[in-house]
Every structure is written in C-alpha cells, then in structure tokens.
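Accompanying notes for the structure given below.
2 protein chains.
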Amino acid sequence: MDRKPNSQTTAIWVLLNIAHKRVTQTFEAELKRAHLPSAAWYDILWALERAEEGMRQNELERQSLFDQPNLSRTIKRMVDDGLVTQCPAATDRRGRELRITEEGKALRAEMWKVYGGLMLSEIEDKVPSAHLSGLIEGLASLVPDKDEKLQGKLNSARDSAKN
Amino acid sequence: MDRKPNSQTTAIWVLLNIAHKRVTQTFEAELKRAHLPSAAWYDILWALERAEEGMRQNELERQSLFDQPNLSRTIKRMVDDGLVTQCPAATDRRGRELRITEEGKALRAEMWKVYGGLMLSEIEDKVPSAHLSGLIEGLASLVPDKDEKLQGKLNSARDSAKN
DNA sequence: ATTAGATACATGCACATGCATCTAATATTT
DNA sequence: AAATATTAGATGCATGTGCATGTATCTAAT
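These protein sequence lines are chains A and B, in that order.
Sequential numbering from 1 applies to the first sequence in my numbering.
Sequential numbering from 164 applies to the second sequence in my numbering.
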C-alpha cells in the first residue's frame with residue numbers, strides 16, 4: 001500500500017472504539033440497575049425540556065444521533081409512556097410538534113441523578129486535566145465542522161453547563 | 164448540593180458519542196460500498212491471522228469487543244463463509260481452536276485496502292498533531308488499566324509520539 | 001391550476017446486540 | 001470418588017439499528 005496508518009492513528013482508532021464501548025456500557029448498566037431508560041432517552045427528554053415552546057420532530061432528529069425511522073419509533077414509545085406529547089405542527093400538516101410532559105420532566109430529573117453522577121465518575125474523575133483540551137479538540141477534529149448534530153449537541157452541552 | 168459535571172466533561176461525553184458514531188458509520192458505509200464485511204469482521208480476521216498457531220475462541224473474545232454469545236454466532240457465520248476453521252481444542256474438549264483460512268487471509272488483505280485507507284482519511288489526516296497525544300492519553304484514561312491487550316498498542320503509540 | 005420533485009414522518013424487514021439460560025467439560029472441595 | 005463450582009461455548013428471546021420503501025403534504029416550475 002502507498003501509505004500506511006502510523007501507530008498513533010491505530011491507537012486512536014482502537015481506543016475510540018474501546019473507550020466508547022466501555023463508557024457506554026457502564027452508563028447503560030447503571031441506568032438499568034436503577035430501573036431507568038437508556039441514555040438516548042435522557043438526551044431526548046433533555047432536548048425537549050430545553051425547548052419550552054415545543055420542537056419539531058425533524059429538528060430533534062438533527063440534534064440527536066437517531067436516524068429518522070428510529071427516532072420516529074422511539075418517540076412513539078415515549079408518547080405511549082406518557083413522557084412526550086405529539087401534536088400536529090401548526091404550519092406544516094406533515095409535521096409533528098413534540099412537547100415534554102410533566103411526567104417526562106420528572107423522569108428526566110430522576111435520571112439526572114444517575115446520569116450526571118456517571119459523567120462525574122466515568123469521565124470527569126478519570127481524565128487528567130493535562131489531557132482535557134487535547135481530548136476535546138482531538139475528538140472534535142474527527143467530526144465535520146458543519147455537522148448540525150454536533151452544533152446542537154454542543155449548544156445543549158453549553159446550556160446544561162449553566163444549570 | 165451534589166457536584167455537577169463541568170462543561171468540559173459534558174463536551175467529552177457528547178463528542179465521544181458523536182465522533183464514534185460518525186467515524187464508525189463512515190467505515191461501515193465505505194466497506195459496504197466495496198461489498199466487504201463490517202469492520203468487526205476485519206478485526207477478527209486480523210487477530211486470527213496474527214495468531215499463526217491458532218487461537219482459542221475465549222481468548223479471541225477477550226481481545227475483541229464482542230460479548231461471548233455474539234462472537235459465537237459471528238464465528239459461525241465466518242466458518243460458513245469459509246473464512247475461519249473451528250477445531251476442537253487439543254487440551255480442553257469444551258473449547259474451540261480457531262484458525263484463519265487462506266480465503267480468510269485473502270479477504271482480510273482485500274479489506275485492508277479500504278480499511279487502512281479509511282484510517283488514513285478519517286483519522287490520520289484529520290487529527291492535528293498538536294492534539295494527538297492528548298487524544299490518545301485522554302481516551303486511554305477512560306478505559307480501566309486492566310484492559311491488558313491495550314498496553315502494547317499504547318506503548319508503541321507513545322514511542323512514536325516521541326519521535 | 002397542474003404536476004414534478006422534495007420533505008416529514010411511519011412502517012416492514014433483515015440483522016446486530018444484550019441478556020438469560022442451557023449443555024458439556026473441567027476444576028475444586030471434601 | 002462424589003459433590004459442587006466454574007468455565008467454554010451455543011441458543012432463545014426481546015430489543016435496537018440501518019435501510020428501503022410507503023403515504024401524506026408541501027414547494028416550485030410551468
């Protein structure tokens with residue numbers, strides 16, 4: 001082959017997969033242990049709670065890591081569970097206006113006790129401060145700049161930092 | 164009041180998820196476009212190719228991100244496809260000794276043309292050298308130390324970082 | 001106003017994953 | 001040696017995910 005990945009590239013690729021799987025599995029296991037829904041549900045609930053005036057489903061899709069069909073089904077389950085309401089959108093009869101219910105807000109607050117604690121124990125307490133910015137900038141460099149989902153996530157991260 | 168994750172912690176958690184999903188999806192999409200199996204298959208083939216004398220299935224399980232039942236089924240598919248052979252282990256009649264076939268080696272070599280190229284284009288060309296070591300060390304800090312097989316790769320990455 | 005194309009969301013299907021459990025073989029305890 | 005525990009691997013089931021496609025609605029060019 002013309003060019004061959006160096007050992008640092010290999011380390012990044014391997015570590016990205018391992019770190020993601022280990023951290024994700026810990027989150028999911030702890031949430032399950034507390035009889036709470038998955039982290040993906042938390043992210044949806046939080047996005048909807050921040051959107052006081054409601055949110056179009058396609059906008060939520062852009063801000064989440066769900067693809068469209070999968071989000072559609074997930075929202076349906078959340079509606080069935082009374083966490084979210086779906087109304088026809090005012091200006092576009094194809095669309096759905098999503099809103100979090102009081103029950104949904106209560107569940108999100110409950111989840112935060114576990115979810116936020118995991119962010120502390122699994123990330124904040126583990127990454128030495130010397131590597132914080134390198135980790136953040138390095139991960140960001142792997143994602144296209146104009147990635148709308150990234151911007152949405154980062155905005156929500158900044159907002160949540162203000163709690 | 165309890166401690167609350169700071170914005171850098173939040174950014175790491177969000178970016179870890181986004182970066183992993185984006186990079187993974189790119190890998191899988193390009194492999195599929197080339198009518199090749201998934202990256203997970205590549206990793207198995209490569210592990211078996213390096214183990215000249217064959218490898219126990221439970222050892223492969225330890226070195227991979229598969230859980231046991233999932234690896235069991237994946238190996239079965241690879242055996243059905245003629246990429247891997249399964250023999251009863253010499254010293255333990257419960258066990259399976261796995262070996263890659265010539266066909267398997269040929270497929271791995273074919274996959275490498277795409278897989279290796281993706282490591283270059285999606286990682287090596289994207290991460291600025293200023294953030295290489297921070298990214299590697301930061302990701303490593305998220306993984307328990309006793310993930311032994313990582314240490315070799317990590318050390319060689321650190322060595323090359325000193326060049 | 002009609003029609004071609006785009007967009008929003010839903011649904012069906014194939015396959016992957018996580019988890020519990022089963023069988024067979026080995027290791028340990030007494 | 002018998003009983004018990006542990007380990008290797010397979011299998012069943014529920015759920016999650018990606019992808020193709022379907023239906024309704026909207027937009028824009030004629």
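In this text, a Cβ means the ideal position worked out from N, Cα and C, and glycines have one as well.
For clarity, every value in this text was computed on a predicted model and none was experimentally measured.
Close beta carbons around Lys21/A, own chain, < 7 Å, minus the five adjacent residues each side: The count along the first sequence starts at 1 and reaches residue 21/A at position 21. Sequence-distant Cβ neighbours of Lys21/A in its own chain, meaning closer than 7 Å and more than five residues away, do not exist here.
For chain A, is any of its Cβ atoms less than 9 Å away from the one on Ala192/B? The residue labelled residue 192/B in the question sits at position 29 within the second sequence. No, no contact with chain A.
Going along chain A in order, which residues have a C-beta closer than 7 Å to the C-beta of Ala303/B? The residue you call residue 303/B lines up with position 140 of the second sequence. Listed along chain A, the residues sitting closer than 7 Å to Ala303/B by beta-carbon distance are Leu15.
Return helix, strand or coil for Val247/B, following the three-state DSSP convention. Within the second sequence, numbered from 1, the residue matching residue 247/B stands at position 84. Looking at Val247/B - three-state DSSP - the assignment turns out to be strand.
Beta carbon of Ala39/A: closer than 8 Å to some heavy atom of the ligand SAH? You won't find the ligand SAH in this model; it holds no ligand whatsoever.
Thinking C-alpha only, which one of Asp308/B, Glu300/B and Met282/B is nearest Leu142/A? Residue 142/A sits at position 142 when you count from the first residue of the first sequence. Here the closest residue by C-alpha is Met282/B.
Residues of the segment 37-60 of chain A with a CB closer than 8 Å to any CB of chain B: list them in chain order, please. none
Is there a C-beta anywhere in chain A that falls below 9 Å from the one on Glu273/B? Your numbering for residue 273/B matches position 110 in the second sequence. Chain A contact via Cβ: absent.
Just confirm the distance between the C-beta atoms of Leu228/B and Met274/B, as a whole number of angstroms; I'd bet it's less than 8 Å. Taking the second sequence and counting its residues from 1, one reaches residue 228/B at position 65. Taking the second sequence and counting its residues from 1, one reaches residue 274/B at position 111. The pair is not a contact, with the Cβ atoms about 17 Å apart (cut-off 8 Å).
Helix, strand or coil: how does DSSP classify Leu36/A here? Counted from its first residue, the first sequence places residue 36/A at position 36. Coil, per DSSP.
Inspect the beta-carbon positions of Ile18/A and Leu302/B and report whether they are closer than 9 Å. Numbered from 1 along the first sequence, position 18 holds the residue referred to as residue 18/A. Numbered from 1 along the second sequence, position 139 holds the residue referred to as residue 302/B. Yes; because the gap between Cβ atoms is below 9 Å, this pair is in contact.
Using a C-beta to C-beta distance shorter than 9 Å, which residues of chain B count as neighbours of Lys76/A? Along the first sequence, read from residue 1 onward, the residue named residue 76/A stands at position 76. Residues of chain B passing the Cβ test: none, with the nearest at roughly 22 Å.
Can you name the start and end residues of the alpha helix (DSSP H) that Ile123/A belongs to? Working through the first sequence from its first residue, we reach residue 123/A at position 123. Per DSSP, Ile123/A belongs to no alpha helix (DSSP H) and is neither H nor E.
In angstroms with no decimal places, state the Cα-to-Cα distance between Thr254/B and Ser7/A. For the purposes of this step, residue 254/B is identified with residue 91 of the second sequence, where counting begins at 1. For the purposes of this step, residue 7/A is identified with residue 7 of the first sequence, where counting begins at 1. Near 36 Å, if we compare the C-alpha coordinates of Ser7/A and Thr254/B.
Run down chain B in chain order and give the residues with a C-beta less than 9 Å from the C-beta of Arg3/A. The residue you call residue 3/A lines up with position 3 of the first sequence. Gly279, Gly280, Leu283 and Glu287, listed in chain order.
Counting along the chain, where does the beta strand (DSSP E) carrying Glu61/A start and finish? What you label residue 61/A is simply residue 61 of the first sequence in a count that begins at 1. No beta strand (DSSP E) contains Glu61/A, which is instead part of the alpha helix (DSSP H) from Gln57 to Gln63.
Is the number of C-beta pairs between the segment 225-239 of chain B and the segment 264-279 of chain B that are closer than 8 Å three or more? no
Option nearest Gln86/A by Cα separation, candidates Ala109/A, Glu103/A, Met55/A and Lys105/A: As a first step, residue 86/A must be located in the first sequence, where it is residue number 86. When each option's Cα is compared against that of Gln86/A, the closest is Met55/A.
With DSSP as the reference, please indicate the residues paired to Glu97/A in a beta bridge. By one-based count along the first sequence, residue 97/A stands at place 97. Answer is Arg56/A and Cys87/A, bridged to Glu97/A.
Sequence-distant residues of its chain with Cβ nearer than 8 Å to Pro307/B (five each side left out): By 1-based counting over the second sequence, the position of residue 307/B is 144. Nothing meets the Cβ criterion.
Assuming contact is defined by CB atoms lying nearer than 9 Å, are Thr10/A and Trp41/A in contact in what I supplied? Sequence index remark: in the first sequence, residue 10/A carries index 10 (1-based). Sequence index remark: in the first sequence, residue 41/A carries index 41 (1-based). Cβ distance not < 9 Å, so Thr10/A and Trp41/A don't count as in contact.
With a threshold of 9 Å between beta-carbons, can Gln269/B be considered close to chain A, or not? Position 106 of the second sequence, counted from the start, is the residue given in the question as residue 269/B. A small fix is needed here, since residue 269/B is Ala in this sequence, not Gln. It does not: the Cβ of Ala269/B has no partner Cβ on chain A nearer than 9 Å.
Within 10 Å of its beta-carbon, does Asp80/A have 16 or more other beta-carbons around it, so buried, or fewer, so exposed? Indexing the first sequence from 1 puts residue 80/A at position 80. Asp80/A counts as exposed, since fewer than 16 other C-beta atoms from the protein chains shown sit within 10 angstroms of its C-beta.
Look up Asp145/A in the DSSP assignment and say whether it is helix, strand or coil. Here residue 145/A refers to the residue found at position 145 when the first sequence is read from its first residue. Of the three classes helix, strand and coil, the one that applies to Asp145/A here is coil, per DSSP.
Using a Cβ-Cβ cut-off of 8 Å (strictly less than) and excluding sequence neighbours within five positions of Ala202/B, which residues of its own chain qualify? Counted from its first residue, the second sequence places residue 202/B at position 39. Answer for Ala202/B: Thr187, Phe190, Glu191, Leu194 and Tyr278, listed in chain order.
Output yes if chain A places a C-beta closer than 9 Å to the C-beta of Gln171/B; else output no. In the second sequence, residue 171/B corresponds to position 8, counting from 1. Output row for Gln171/B: interface = yes.
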